[in-house]
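*Asks:* Residues in the sequence shown are numbered from 1 upward in steps of one, following the UniProt record's numbering.
Ideal Cβ placement from N, Cα and C applies to all residues, glycine included.
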Amino acid sequence: MVINWNWLPNLCRLTCVGLSLILLSPSLQAVPVCSDIFTDPPTGSHNPNGLAPPSGLESSRGDFTCYTHGHTRSCNRSDSFAAGDFNFSDGSFSHGNYISTSGTTTRLYFDNLDLTQANINASGKPENLLIFVRGNVHISGQNYINAIVYVAGTATFSGQATIDGAMASGGSLSFSGNAYADVDLSIIDKADFGGICTDASALVDHFEFQLSANPLTCKAETVTLKACANGDCSSLITDAVQANLLVSGSSSAYWVGGNSVSFSGGSTSLSLRSTTIAPITIGITSSTPTALNNTLCRLGALAPSAAACTLSFADSGFVFEVPDKLANKAADGIKVMAVKKDDSSQSCAPAFVSTTKSLSLWSDYLDPNATTQASNAKVTVNNTAIGASQADATVQNLSFDGAGEATIQVNYPDAGQLQLNLSYSGSGEDAELSMSGSDTFVSFPVGLCVVPEDPGAVCAAGDASCPAYKQAGESFNLKLQAMAWESDDDSDYCNNPTTPNYAQANIVLGSELVAPSDGEPGTLTTQEYNHQMATAGLNIQSQAISEVGVFKFTAAPPATYLGSNFYSIPKASSVNVGRFIPARFELQDPSVLAACGTGNFSYLDQPFGLSLSLRALNTKDEVTQNYRGEFAKGMALLVLENNDDGKDLGDRIADLPSWDKGVVELPLDFTTSVSRLPAPGVDGPFDAAMLGIKVADTDKVALTAADMNAATTGNCADTDDCDAIALSSQSYFHGRVVLDNTYGPEDQWLTMAGRVQYWNGAAWALNLNDNCSSFAPALATQVDDTVLGYGFNPTLGVNQEVERFVAGPGTMTEAAAGNFNLLWRALTAGTLGGYTGQVTAPLEVPLWLQWYWNWNGLDANALSNPRASAYFGRYRGHDKVIYWREVY
1 MVINWNWLPN LCRLTCVGLS LILLSPSLQA VPVCSDIFTD PPTGSHNPNG
51 LAPPSGLESS RGDFTCYTHG HTRSCNRSDS FAAGDFNFSD GSFSHGNYIS
101 TSGTTTRLYF DNLDLTQANI NASGKPENLL IFVRGNVHIS GQNYINAIVY
151 VAGTATFSGQ ATIDGAMASG GSLSFSGNAY ADVDLSIIDK ADFGGICTDA
201 SALVDHFEFQ LSANPLTCKA ETVTLKACAN GDCSSLITDA VQANLLVSGS
251 SSAYWVGGNS VSFSGGSTSL SLRSTTIAPI TIGITSSTPT ALNNTLCRLG
301 ALAPSAAACT LSFADSGFVF EVPDKLANKA ADGIKVMAVK KDDSSQSCAP
351 AFVSTTKSLS LWSDYLDPNA TTQASNAKVT VNNTAIGASQ ADATVQNLSF
401 DGAGEATIQV NYPDAGQLQL NLSYSGSGED AELSMSGSDT FVSFPVGLCV
451 VPEDPGAVCA AGDASCPAYK QAGESFNLKL QAMAWESDDD SDYCNNPTTP
501 NYAQANIVLG SELVAPSDGE PGTLTTQEYN HQMATAGLNI QSQAISEVGV
551 FKFTAAPPAT YLGSNFYSIP KASSVNVGRF IPARFELQDP SVLAACGTGN
601 FSYLDQPFGL SLSLRALNTK DEVTQNYRGE FAKGMALLVL ENNDDGKDLG
651 DRIADLPSWD KGVVELPLDF TTSVSRLPAP GVDGPFDAAM LGIKVADTDK
701 VALTAADMNA ATTGNCADTD DCDAIALSSQ SYFHGRVVLD NTYGPEDQWL
751 TMAGRVQYWN GAAWALNLND NCSSFAPALA TQVDDTVLGY GFNPTLGVNQ
801 EVERFVAGPG TMTEAAAGNF NLLWRALTAG TLGGYTGQVT APLEVPLWLQ
851 WYWNWNGLDA NALSNPRASA YFGRYRGHDK VIYWREVY
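Written as structure tokens, this is what we have:
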């Protein structure tokens, strides 16, 4: 961001890029978040929550002064610094460039700072210099600071001061005149602030202890400590954390392993021991990073709270562990021990040996809880459903063996986190004995089922033979369900029982390209979703894929579920879905260049220029690169209609190139042509012919901006049957070249007339619009050649030759209004004359100006060049004289 203050006389310009000015009360206790202090635009009035110098800062090194007089630069100490803290009293810099740094970050602390036409850290990086001023700052004149600046007091800027970086103040912050602040907040993440502020992403929201509801004095209690990144602890701080542990209230309570713990990954396991039933309090005294909120504790199924951090251990109870499990798969062989504290050893001793006791059993729904769950599936113990609350507890007889252990089986058909509770209230000899125990467990879905909601979406063949399903980019629905275990040999979970209570956030959605196998994978519109509890566990998720082809769609849950990593729910994959097709075709940059631009015409069979880009697009107007090969069902075709007569001449135009990665591209040097009728047919003229392009597509994908239908008359928009885009109107003629014989003396140049003709529908006519055709008149041989059509009668003698040429420079003769001339001459030893006779020769013309002359009588349907004769030494006479004779 840029803050700009209008120019006022004698005021300043301030730019802050890489510079932080911080005004902060030194009595501040908590370490603030760096990004809360340095903002865009820069802010002041951060006291009493601003920055403070570090407690271990060195003693002052005295004043730091630099100035330049004339060409002499002087500093009372070195102004080149490595990274670290440097403490000074007053700082004064004037008329020069000062302070260079190496490394991240040099932190300079001043009581006061004065700048006069000074440049600070001008050639360095702003994140490499932090300037901290403990007092007030008033900077005027033309100054430049490239750093992070923090002023603890009041900061005032005037004159032509410029700061690049970041800045803030504990007191007021003001600009006047032409002050200018250019803030780059990215340097805050790069700088090392030496602990005076902290990165927000590294702060712990709160710590949370998790332990059982019935800890025992005879054994160490396993406690999970989490570093929570948010209020509900759904996100953890996975970076390194160090915490100092608290336990108070009893001298017999202690943390096994000591009161300090370091961990990463978000959580760690601890052991807590208390050998008495006296209440104790656990907590965190300090940590790195700092926690923003109070420590919470969660006892068994209870909600976490600060009050729960005060708890009591019991001298007796049930010890058992229900393992995390798969939904609907029983957990067998769970050992239940009734224990009590041995008074002498303080360890756990069996309370029930070789006896059967009646225990109350019930479950608690933790996540989801009893009021929010989608199903009321019951926990079973020993194949018997138990109550879902203590008031609805189920009594079962458990037999304890000689080792004081009973064995149970636990199952739950749904997903979620639950707690199994056991209690015993004595009678008779045990009348005063009350024992309880509990353990939590997580029940996982065995996997997800992903299927398209529409049965017509299934592409069993997995290739281009499948019918069109949706446009690329068009939304469709997927059905996603979490399924329960049914068999260890099972891999297709879609027919299994569902787990309606399954809910999990951040399930990653993906796609796998089936065909074309070497195509582009495409991009999904929805990258992840949150699975919600639902009847039958069914979630409907809208999805779209950007590409053409056949795909499988996948769903991959996070690695853990409800904090457990017992099982990694595998990525689920759908059946083949498709075929996805383009949303539309779009024409870009069409250009048609008539072969004869001055006459706006082309001859039949004559190449003319055509360039364009035809693109197959998805719904977001992106090219579908998989539209090629068998998946390109649409064929790009040129159409041609003369004078809106409803007759499509497109079959007389060569096919266009095939699709390549969703595009038919005709480069600037591409040419095409309109063909003549088969020999010896002739037609035309097509003097009002409109050339167009269409896509003949079996999937009926629309061509955007279609405005033509070559097979109909009238305005196709009126009947809504436009299927092509008009490109250009020009004339197309069936053409040929004819030559006249020429006669004259052997010692003169002879002129042979030539004409370019076109078929006018009834006869051949001179093409007055042809000012483009050109021909090379030179003869190919000086001897008879029946194949080429040359004849010399008589044959040329020694040193004799015949030339056909053009007047003036150049080697080509050009048509003018359809006419052109060829010049002939006979030479003997390089001199005109000497040869008398007839020379017959063809003129090589382009294919489109050849005709079925059949001068050799071999094939009346073969195209050939025109030819004519030049007669040397003979004069054809006047056309209107019937008989001529000399009279003596």
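Can you give me the Cβ contacts of Lys335 inside the same chain, cut-off strictly under 7 Å, excluding the 5 residues immediately before and after it?
*Replies:* As a first step, residue 335 must be located in the sequence shown, where it is residue number 335. Counting only Cβ-Cβ distances below 7 Å, and skipping sequence neighbours, we find Phe320, Glu405, Thr407.
*Asks:* Are the beta-carbon atoms belonging to Tyr113 and Leu203 less than 7 Å from one another?
*Replies:* As a working note, residue 113 is residue 113 in the sequence shown. As a working note, residue 203 is residue 203 in the sequence shown. Strictly speaking, residue 113 in this sequence is Leu, with Tyr absent from that position. No, the Cβ-Cβ distance between Leu113 and Leu203 is not below 7 Å.
*Asks:* Quick check on Ile37: does DSSP put it in helix, strand or coil?
*Replies:* Indexing the sequence shown from 1 puts residue 37 at position 37. If DSSP states are grouped into helix, strand and coil, Ile37 belongs with the helices.
*Asks:* Can you give the Cα-Cα distance for Met483 and Val241, rounded to whole angstroms?
*Replies:* Residue mapping note: residue 483 aligns to position 483 of the sequence shown, counting from 1. Residue mapping note: residue 241 aligns to position 241 of the sequence shown, counting from 1. For Met483 and Val241, the distance between alpha carbons rounds to 37 Å.
*Asks:* Could you confirm whether any beta carbon from chain B is found closer than 7 Å to the beta carbon of Val682?
*Replies:* Annotation note: the requested chain B is absent from the structure, which comprises a single protein chain.
*Asks:* Distance check for Ser602 and Lys855, CA to CA, integer angstroms please.
*Replies:* Counting from 1 along the sequence shown, the entry for residue 855 is found at position 855. Counting from 1 along the sequence shown, the entry for residue 602 is found at position 602. First, the residue type needs correcting, since residue 855 is Trp and not Lys in the sequence shown. Cα to Cα, the separation comes out at about 27 Å.
*Asks:* Quick check on the DSSP output: the alpha helix (DSSP H) that includes Ser186 runs from which residue to which?
*Replies:* By one-based count along the sequence shown, residue 186 stands at place 186. 186 to 190 is the extent of the alpha helix (DSSP H) around Ser186.
*Asks:* Going by the beta-carbon positions, is the gap between Gly103 and Ala122 smaller than 7 Å?
*Replies:* Here residue 103 corresponds to residue number 103 of the sequence shown, with the count starting at 1. Here residue 122 corresponds to residue number 122 of the sequence shown, with the count starting at 1. Cβ atoms of Gly103 and Ala122: not closer than 7 Å.
*Asks:* Using DSSP's beta-bridge definition, name the partner residues of Gly791.
*Replies:* Reading the sequence shown from its first residue, position 791 is the one you call residue 791. Beta-bridge pairing links Gly791 to Thr840.
*Asks:* Contact between the segment 597 to 614 and the segment 444 to 459 is defined here as three or more beta-carbon pairs at a separation below 8 Å; is this criterion met?
*Replies:* Not touching, per the Cβ criterion.
*Asks:* Are the CB atoms of Gly873 and Thr836 within a distance shorter than 7 Å?
*Replies:* The count along the sequence shown starts at 1 and reaches residue 836 at position 836. The count along the sequence shown starts at 1 and reaches residue 873 at position 873. In contact: Thr836 and Gly873 (Cβ atoms closer than 7 Å).
*Asks:* Which of the three DSSP states, helix, strand or coil, is assigned to Asp621?
*Replies:* Counted from its first residue, the sequence shown places residue 621 at position 621. Here Asp621 sits in coil by DSSP.
*Asks:* Name the one or two DSSP bridge partners that Tyr603 has.
*Replies:* The residue given as residue 603 occupies position 603 in the sequence shown. Phe733, per the DSSP bridge assignment.
*Asks:* Quick check: the segment 699 to 715 against the segment 742 to 758, are there 3 or more CB pairs under 8 Å?
*Replies:* Too few Cβ pairs lie closer than 8 Å, so no.
*Asks:* In whole angstroms, what is the alpha-carbon distance linking Ser475 and Pro582?
*Replies:* As a position in the sequence shown, residue 475 is number 475, starting the count at 1. As a position in the sequence shown, residue 582 is number 582, starting the count at 1. Approximately 13 Å between the Cα atoms of the pair.
*Asks:* Tell me which residue opens and which closes the alpha helix (DSSP H) that Cys75 is part of.
*Replies:* Counting from 1 along the sequence shown, the entry for residue 75 is found at position 75. Cys75 -> not in any alpha helix (DSSP H); beta strand (DSSP E) instead, spanning 72 to 75.
*Asks:* Work out the CA separation of Leu796 and Ala829 for me, nearest whole Å.
*Replies:* Translated into the one-based positions of the sequence shown, residue 829 becomes position 829. Translated into the one-based positions of the sequence shown, residue 796 becomes position 796. So the alpha carbons of these two residues sit roughly 12 Å apart.
*Asks:* The alpha helix (DSSP H) spanning Thr719 covers which residue range?
*Replies:* To locate residue 719, count along the sequence shown from 1; it is residue 719. Where Thr719 is concerned, the enclosing alpha helix (DSSP H) stretches over 716 to 719.
*Asks:* Within 10 Å of its beta-carbon, does Ser347 have 16 or more other beta-carbons around it, so buried, or fewer, so exposed?
*Replies:* For the purposes of this step, residue 347 is identified with residue 347 of the sequence shown, where counting begins at 1. It is exposed - the Cβ of Ser347 has fewer than 16 other Cβ atoms within 10 Å.
*Asks:* For Ser389, is the beta carbon positioned less than 6 Å from some heavy atom of the ligand FAD?
*Replies:* The ligand content of the structure shown is nil, which means the ligand FAD is not present either.
*Asks:* Roughly how many angstroms lie between the CA atoms of Ala555 and Leu509, to the nearest whole one?
*Replies:* Taking the sequence shown and counting its residues from 1, the one referred to as residue 555 is at position 555. Taking the sequence shown and counting its residues from 1, the one referred to as residue 509 is at position 509. Rounded to whole angstroms, Ala555 to Leu509 spans 5 Å at the Cα level.
*Asks:* Output the distance between the C-alpha atoms of Gly692 and Ala711, rounded to the nearest integer angstrom.
*Replies:* Your numbering for residue 692 matches position 692 in the sequence shown. Your numbering for residue 711 matches position 711 in the sequence shown. Computed Cα separation, rounded: 12 Å.
*Asks:* Tell me, please, whether the segment 350 to 360 touches the segment 386 to 398 by the rule of three or more beta-carbon pairs shorter than 8 Å.
*Replies:* Because the criterion of three Cβ pairs below 8 Å is met, the segment 350 to 360 and the segment 386 to 398 touch.
*Asks:* Got a sec, what are the start and stop residues for the beta strand (DSSP E) Val410 sits in?
*Replies:* Residue numbering aside, residue 410 sits at position 410 when the sequence shown is read from its first letter. Where Val410 is concerned, the enclosing beta strand (DSSP E) stretches over 405 to 411.
*Asks:* Among Thr116, Glu432, Ala815, which has the Cα closest to the Cα of Leu768?
*Replies:* The residue given as residue 768 occupies position 768 in the sequence shown. If we check each option's Cα against that of Leu768, Ala815 comes out closest.
*Asks:* Let me make sure I understand the geometry here. Which of Ala301, Gln541, Ala534, Ala826 has the alpha-carbon closest to that of Ile507?
*Replies:* Residue numbering aside, residue 507 sits at position 507 when the sequence shown is read from its first letter. Answer by Cα proximity: Gln541.
*Asks:* Let's test the definition: count the other Cβ atoms within 10 Å of the Cβ of Asp645 and tell me whether it reaches 16, buried, or not, exposed.
*Replies:* To locate residue 645, count along the sequence shown from 1; it is residue 645. Counting Cβ neighbours within 10 Å, Asp645 comes out exposed, since fewer than 16 surround it.
*Asks:* Roughly how many angstroms separate the alpha carbons of Pro657 and Arg676, rounded to a whole number?
*Replies:* Taking the first residue of the sequence shown as position 1, residue 657 is located at position 657. Taking the first residue of the sequence shown as position 1, residue 676 is located at position 676. One C-alpha to the other measures close to 21 Å.
*Asks:* So within the segment 209 to 264, which uninterrupted beta strand (DSSP E) runs reach at least 3 residues, ignoring any that extend past its ends?
*Replies:* The qualifying runs are 221 to 228, 241 to 248, 253 to 256, 260 to 263.
*Asks:* Could you check if Arg107 is buried or exposed, using at least 16 other CB atoms within 10 Å of its CB as the buried criterion?
*Replies:* For the purposes of this step, residue 107 is taken as residue 107 along the sequence shown, with counting starting at 1. Flag for Arg107 reads buried.
*Asks:* Do Gly462 and Asn539 come within 7 Å of each other at the CB atom, strictly closer than that value?
*Replies:* Numbered from 1 along the sequence shown, position 539 holds the residue referred to as residue 539. Numbered from 1 along the sequence shown, position 462 holds the residue referred to as residue 462. It is not a contact, given that the beta carbons lie outside the stated cut-off.
*Asks:* Mark Val783 as exposed unless 16 or more other C-beta atoms lie within 10 angstroms of its C-beta, in which case mark it buried.
*Replies:* The count along the sequence shown starts at 1 and reaches residue 783 at position 783. Answer is exposed; the Cβ neighbour count stays below 16.
*Asks:* Val652 by DSSP, collapsed to three states: which one?
*Replies:* Start at 1 with the first residue of the sequence shown, and residue 652 comes out as number 652. According to the sequence provided, residue 652 is Arg. The question's Val does not apply to it. The answer is helix: DSSP assigns Arg652 an H, G or I state.
*Asks:* With distances taken from CA atoms, which of Trp824, Thr598, Gly402 is nearest Thr355?
*Replies:* Indexing the sequence shown from 1 puts residue 355 at position 355. Of the candidates Trp824, Thr598, Gly402, the one whose C-alpha sits nearest the C-alpha of Thr355 is Gly402.
*Asks:* Going by DSSP, what residues sit across from Gln543 in a beta bridge?
*Replies:* Residue numbering aside, residue 543 sits at position 543 when the sequence shown is read from its first letter. Phe476.
*Asks:* Check the DSSP bridge columns for Tyr67 and list the partner residues they point to.
*Replies:* By 1-based counting over the sequence shown, the position of residue 67 is 67. DSSP, once it has assigned bridges, lists Ser74, Ser94 as partnering Tyr67.
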